[in-house]
Amino acid sequence: MADIIQLLPDHVANQIAAGEVVQRPASVVKELLENAIDAKATDITLVVKDAGKTLVQVTDNGSGMSITDARLSFERHATSKIKSAEDLFNLHTKGFRGEALASIAAIAHVELKTRTDTSEIGTHLTIEGSKVVSQDPAVVPKGTTISVKNLFYNIPARRNFLKSNPVETRHIIDEFHRVALAHPTVSFQMLHNGSDVFNLPASNSRQRIVHIFGSKTNEKLVPVSEETEIIKIEGFVMKPEYSKKSRGEQFFFVNDRFIKSPYLHHAVSSAFEGLMKNDVHPGYFLFLEVDPHSIDINIHPTKTEIKFDDEHAIYAMLRATVKHSLGQFNIAPVLDFERDKGFDTPYEYSKKSPTAPSIEVDRDFNPFQERAKQGNIKFPFKREVSPSWESLYVGLKDDSGHAHPSGLRSSTEAEMEMEFESEEVTGSIFESKETETGQVTLQLQNKYIVSPLKNGMMVIHQNLAHQRVLYEELLKNITVKEAVSQQLLFPLELHFSKPDVAIIEKVREQLEHTGFIFSELKDETIEISGIPVQILESHVVNLLSQLVHDIKEEVPDTGFSQNDMLAKSMAASMAIKSGVSLNKEEREHLINQLFACKEPTVSPTNKPVFTTLDVSDLDKKFM
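Here it is in structure tokens:
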């Protein structure tokens, strides 16, 4: 029998490895940024074009590479991070597998410019599909610049499976956040299609969080700090009132490496037990330091999963530390009935230095000076003489039915007055019940509306029904005619991060068609002077926050799909929630509006809005 097993060529093996390492442009960003960190760079610049499909370029001022290292770095399993198998359990660098650059070079056009501090001339290397096109000496600054162009150019199937540019950009920004948060002492800059997205100076952890997520984040953070023999925990958790339904501001870092751990996430969530609702998630930025020998990172090529030697102990310590911080800063309620809250020092005043109180003295005061006696004061109205004690018993009758002898009015006058008041109160407070006319509807569990039919009954989900009504109305306002706006007496000022404000700016025109009026959009501030008539002023923040989240998750391209997503998100936020009681007129109005829609049977998310029960279905229940 002929031999059928053969060794794969290197470029084929590299393409296979690229399937694990490089899943999308964000994977390239992650690997290149981590290499820059390992090179001890203090200034890193990321340049992205067309969401990384055309160009991903990372420039750093790190140690650079020699001519030999520059060529060898693109070989498989070539790395400067480890030398033996024992080093896998004593890692102090981001990379160690030696697969990233080889995998990237197999599926893209890569250009490398690098120079060490001791060399006068650097190296310019060009690789296309694992083949070295050129390697020449060049005059370049100290550090390394890697440009990855035309990603997946030789694997069209993988390129076709990439999402739209906004989706891929969001993944790139997520990876950028993870590296920038883990290394606050390094300055980062990110440019996308020529525009400056982030410019983060070197700072501490708290300032780095504020620079990324907006200035208003500072007041939301609660410090967390604990050190034991097993683990050291530093970082911040968000106050319970700022918890969100969506995940996105949950960051775990183990030895300055971002990880994903549902087990540790549950530890933080359990520390917030009783302080927030069940369907929301707390935000946190937690930095864990453990012994490198007690963890295993070499599980997956993305290196976002870690195995701990003693997960249960870390779970207990993390939960106790977060719970302690919430109690220490008066976030959690304290059952001390003797404590006077007036003596509590606000958290923002804890770092202020005390100042001496100012003393005011009236130097013209003379205690021996005679003052003019106060004369009689004339009032512009006539003082009434206080009534005598007998007047308290006016109108009261004794057991025999006669008025009190000290009364000033007769009992007949008092009785007439009492009867008159009784008739007025009865007529104004208690409405006479009349026979109801029109359609008979009932509300079940403040969630469903039940309406009878000729041969059964119909059960309508009030939240989904209202979503359908609002969805068609909002879609009409966006595409056909503008809605009526309700002017605010005082403009509403909202604070979002820079990327969120940029998202709202993109859909500003559609939002203005629905009734919003934006008077100003700054870097982190949105000022609204008018809102749609269907929503309350207190609901605007939640509506826009949910809208930004939905755009980040779905990110449709421009056109009808964006308008459709916008109408869906706003309808879901504005619709009547389950648990709200509706009166007879409101129930009938909602039913009439629903069946006036073009598609009343399903909600905007294609869920059934109502169901019908025939008499035959009910008869079967009693057989």
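383 is the number that the UniProt record's numbering gives to position 383 of the sequence shown; each next residue is one higher, with no gaps. In this text, a Cβ means the ideal position worked out from N, Cα and C, and glycines have one as well.
query, result
"Environment of Q250 [buried if 16+ CB atoms lie within 10 Å]", "buried"
"One or two residues paired with K49 in a DSSP bridge", "L55"
"DSSP three-state assignment for I107, whether helix, strand or coil", "coil"
"Run of the alpha helix (DSSP H) containing V179, from where it starts to where it stops", "165-182"
"Cβ-based burial, F74 [other Cβ within 10 Å; buried from 16]", "buried"
"Cα-Cα separation between T437 and E472, rounded to whole angstroms", "Per-residue confidence for T437 stands at a pLDDT of 45, beneath the threshold of 50, marking its modelled position as unreliable; no derived number is given."
"Bridge partners - K576, DSSP secondary structure assignment", "Going by the sequence as given, residue 576 is Ile instead of Lys. According to DSSP, I576 bridges with nothing at all."
"Extent of the continuous beta strand (DSSP E) run through Y448", "448-453"
"Nearest-angstrom Cα separation, counted from V21 out to H293", "25 Å"
"Limits of the alpha helix (DSSP H) - the one that S130 falls within", "Neither: S130 is in no alpha helix (DSSP H) and is coded neither H nor E."
"Whole-angstrom distance between K454 and K447, CA atom to CA atom", "23 Å"
"Buried versus exposed call for T605 [16 or more other C-beta atoms within 10 Å across all chains shown]", "exposed"
"Straight-line Cα distance separating R115 from K142", "5 Å"
"Close Cβ partners of F198 (< 6 Å) along its chain, the five nearest in sequence each way excluded", "M190"
"DSSP state of M570 mapped onto helix, strand, coil", "helix"
"Local conformation of K352 per DSSP, three classes", "coil"
"Where the beta strand (DSSP E) through K506 begins and ends", "Where K506 is concerned, there is no enclosing beta strand (DSSP E), although the alpha helix (DSSP H) it sits in stretches over 498-506."
"Beta-carbon proximity list for K113, same chain, < 6 Å, skipping 5 on both sides", "H124, V140, T145"
"Beta carbon of T45 nearer than 9 Å to that of V58", "yes"
"Close Cβ partners of T169 (< 6 Å) along its chain, the five nearest in sequence each way excluded", "A51"
"Span of the beta strand (DSSP E), counted from its first residue to its last, around G327", "G327 -> not in any beta strand (DSSP E); alpha helix (DSSP H) instead, spanning 311-328."
"Same chain, Cβ closer than 8 Å to R247, neighbours up to 5 away in sequence not counted", "H281"
"Alpha carbon of E273 to alpha carbon of T228, nearest angstrom", "24 Å"
"Simplified DSSP state of E586, which is helix, strand or coil", "helix"
"Span of the beta strand (DSSP E), counted from its first residue to its last, around P223", "221-227"
"Cβ neighbour criterion (16 or more within 10 Å) applied to K352", "exposed"
"Buried versus exposed, by CB contacts within 10 Å (16 or more), T441", "buried"
"Rounded straight-line distance, which links the Cα of H513 to that of I233", "48 Å"
"Residues near G129 by beta carbon distance below 6 Å, same chain, minus five either side", "N154"
"Close beta carbons around M458, own chain, < 7 Å, minus the five adjacent residues each side", "S451, F610, T612"
"Limits of the unbroken beta strand (DSSP E) element including S485", "485-495"
"Sufficient close CB pairs (3 or more, under 8 Å) joining the region 198-211 to the region 254-263", "no"
"Whether S203 touches V56 by CB criterion (9 Å)", "no"
"For S187, the residue or residues it bridges with in DSSP", "D43"
"Residue environment, K307, which counts as buried when at least 16 other CB atoms sit within 10 Å", "exposed"
"Whether I504 touches I535 by CB criterion (9 Å)", "no"
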